[in-house]
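Written out below as structure tokens is the structure these notes cover.
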Amino acid sequence: MTSAELAFYIIKLIAGGLTAFVAVLLWSRTRDSSWMAVLGGIVINYAGIVYELLSDFKIIGSDRIMLAGLPLTSLFFALVPSLLFMTGMILMLIRKMR
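Just so we're aligned, residue 2 is where the sequence shown starts under the numbering used here, counting upward by one.
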């Protein structure tokens with residue numbers, strides 16, 4: 002791993018960590034389902050960054066469970082945050098239409 006890649010991981014960890022921290026603080030103050038979905042997406046996105054880092058450093062093993070030739074855990078961390086963001090925005094739109 003080059004120093005540029007390591008610096009990129011550090012930047013992603015710091016920015017993602019701060020974002021996840023603020024999301025957890027906001028999570029305790031809101032009960033709105035649309036915001037809960039968005040905040041859940043932020044936290045899971047940060048967990049994906051940490052998983053990617055641990056996987057790249059070979060601290061944790063790669064996935065043995067594959068789905069259509071893709072590692073299931075990597076697929077989860079790639080799809081679920083976007084699905085939660087989309088769900089939150091759809092819920093906001095539905096509420097605004099009423």
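We put the beta carbon where it would ideally sit given N, CA and C, even for glycine.
The residues L85, T88, G89 and L92, in chain order, have a CB closer than 7 Å to that of A38 in the same chain once the five nearest residues on each side in sequence are set aside. G42 counts as buried, since at least 16 other C-beta atoms from the protein chains shown sit within 10 angstroms of its C-beta. Take the alpha-carbon of G62 and the one of D33: they are about 37 Å apart. Going by C-alpha positions, F78 is about 20 Å away from L7. The C-beta separation of G17 from N46 comes to about 7 Å, placing the pair in contact by the 8 Å criterion. The three-state secondary structure of M2, taken from DSSP, is coil.
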